[in-house]
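Have a look at the structure below before the remarks.
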Amino acid sequence: MSGPTRYVGYGCEGTAFVPAPGPPFEDPMPPAVGTNEIALIQRGGCFFDEKIENAAAAGYAGVVVFNDAARGDTLVSMGGDPTPLPGVFVWHSTGLAIAGVASAADLVLGDPGEDVSATVLVNAWSGLRIWDYSDPTAPVLASTFDTVCSANPIDPSCDLAGTYSVHNVQVESLGNKVLAYVSWYTDGMLVLDVSDPYNVVEVARYFDNSEDFIASNGGLPHDFWGVYKETNSPFFYGSDRNGGLRVFKLKGSGSGKK
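Each residue of the sequence shown is one higher than the one before, counting from 0 in numbering that gives the first Met the number 0.
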């Protein structure tokens, strides 16, 4: 997307949304990207996909969502349902710079901002990094572990709306073996053998995208956020943001995926 910006506030239902000048929006994309304006939207008040849907309805060709003042210069991935417009999330200070103001108090609904150009390239979710702190003054990146979808999210086996980053990791030493228990959002719950940090091996995974599972999960895939490992026990726990708390038992080699 490329073009001039206009500040439209939070972009939520029930709030004033300044319509974009120029030709009306046409699904799935405007007739010529860059001929319509790009909505500059502040984070907060409603979900990201709602903001983008409202921007599309108001005639914008794309969106830039910037963080609120409280959360400042941090970045998040904009989740939600697929939307008809391209969009990008930026720092709070970046949003203010695009709007040409010094602080959020100076923002004026409907004011034009700087021209922007953004291109999103499908890359990777970066995976899990394992560091060697044998010398705490000079840590070394020992290895990086990726799933198929964290390495290549456009692989046919991956859900384009999925989240393939790691969220939480718990590590447990079991004699001469070290295991890492990982909550990996759409990729499920993983157990990795990190005994050799330079050669990480996946030893178990819980992943279920069957129709029966999704039907039992409120029509949604699993989305694992947290993990807790009970010390010296085969049990560990995963918090599925769509389906609640799930309890797992590591059964050993060749015993299946659960």
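All C-beta atoms in this analysis are idealised placements derived from N, C-alpha and C, irrespective of residue type, glycine included.
- Excluding sequence positions up to five before and after V168, its CB lies within less than 6 Å of the CB of A179, V181, all in the same chain and listed in chain order.
- Taking a contact as a CB-CB distance under 8 Å, the pair L106 and V100 counts as one, their CB atoms being some 6 Å apart.
- Taking one beta carbon from each stretch, the region 38 to 45 and the region 1 to 15 have 3 or more pairs nearer than 8 Å; the two touch.
- When Cβ pairs closer than 8 Å are counted between the two stretches, the region 110 to 123 is seen not to touch the region 135 to 142, the count staying below three.
- F46 has its alpha-carbon roughly 42 Å from the corresponding atom of D195.
- Under the DSSP definition of a beta bridge, T143 partners with R128.
- In this structure, DSSP gives A103 a helical state, which the three-state scheme calls helix.
- Spanning the alpha carbons of V87 and Y205 requires a straight line of approximately 32 Å.
- Proximity to A203 across G218, G174, H221, P233 peaks at P233, based on C-alpha coordinates.
- Three or more Cβ pairs drawn from the region 47 to 60 and the region 81 to 97 lie within less than 8 Å of each other, which places the two stretches in contact.
- Taken through DSSP and simplified to helix, strand or coil, F247 comes out as strand.
- Nearest C-alpha to W90 among V63, A150, N198: V63.
- Judged by their CB atoms, F16 and A55 are not nearer to each other than the 8 Å cut-off.
- CA-to-CA, the gap between P152 and Y236 works out to about 26 Å.
- Under the three-state reduction of DSSP, E201 is assigned to strand.
- Judged by their CB atoms, W124 and Y163 are nearer to each other than the 8 Å cut-off.
- Per the DSSP secondary-structure output, A57 pairs with nothing in a beta bridge.
- Separation of S209 and Y227 (C-alpha to C-alpha, rounded to the nearest whole angstrom) is 25 Å.
- In this structure, the alpha-carbon of N231 lies about 27 Å from that of D145.
- Cβ neighbours of R245 within its own chain (closer than 6 Å, five residues either side excluded): G237, D239.
- Scanning its chain for C-beta atoms nearer than 7 Å, with the 5 sequence neighbours on each side dropped, one finds around E113 the residues T4, I97, G99, in chain order.
- Taking the Cα of P220 as reference, the smallest distance to any Cα among E229, V190, T185, Y197 is reached at T185.
- For D211, the enclosing alpha helix (DSSP H) stretches over residues 210 to 215.
- Counting every other CB atom within 10 Å of its CB across the protein chains shown gives D222 a total of 16 or more, marking it as buried.
- Bridge pairing for S182: N167, M188 [DSSP].
- For A141, the closest of S215, Y197, E36, T73 by C-alpha to C-alpha distance is Y197.
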